[in-house]
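Using the working numbering, read the sequence shown as starting at 5 and increasing by one per residue.
Glycine included, every Cβ here is placed at the ideal spot set by N, Cα and C.
Down below is the structure, laid out as structure tokens.
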Amino acid sequence: MGKSAIYSRIYEIVNHIPQGKVATCGQIARLAGVPAHARLVGYALHSLPDELEVPWHRVINWQGHISLHSNTWARSLQRVLLESEGVAFDRNDTIALKNYQWQR
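What follows is the structure in structure tokens.
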């Protein structure tokens, strides 16, 4: 499977994450058939074409944190989008996966 096919599969899976839920990069990688390649999910989302509407903001790391660098507008945007969907962060900026992780 080529990179573009894997990226398309990742985008398809991310499109199924419902509002108010999150998935981890590792979870998406497993569902896409590329276990142990969680970073590939991050690369795919970073390369997301502007014309595709994929809820990239619903993908976080395995610890329940936003993975984007702390000084970026995208990190702030991701948090705002998640909070607007009802996803709560604790005082350590962590999302409780037991409450918000998408189960497929």
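Following the DSSP letters along the chain, one finds G46 inside the alpha helix (DSSP H) bounded by residues A42 to H50. In the DSSP assignment, N103 falls within the alpha helix (DSSP H) that extends over L101 to Y104. The alpha-carbon of Q82 is positioned some 18 Å away from that of N103. Rounded to whole angstroms, Y47 and T98 show a C-alpha spacing of 22 Å. Around the beta carbon of G37, a 10 Å sphere encloses fewer than 16 other beta carbons of the protein chains shown; the residue is thus reported as exposed. Going by DSSP, S74 is part of no alpha helix (DSSP H) at all; its letter is neither H nor E.
Residue pairing for I64: DSSP places it in a beta bridge opposite T28.
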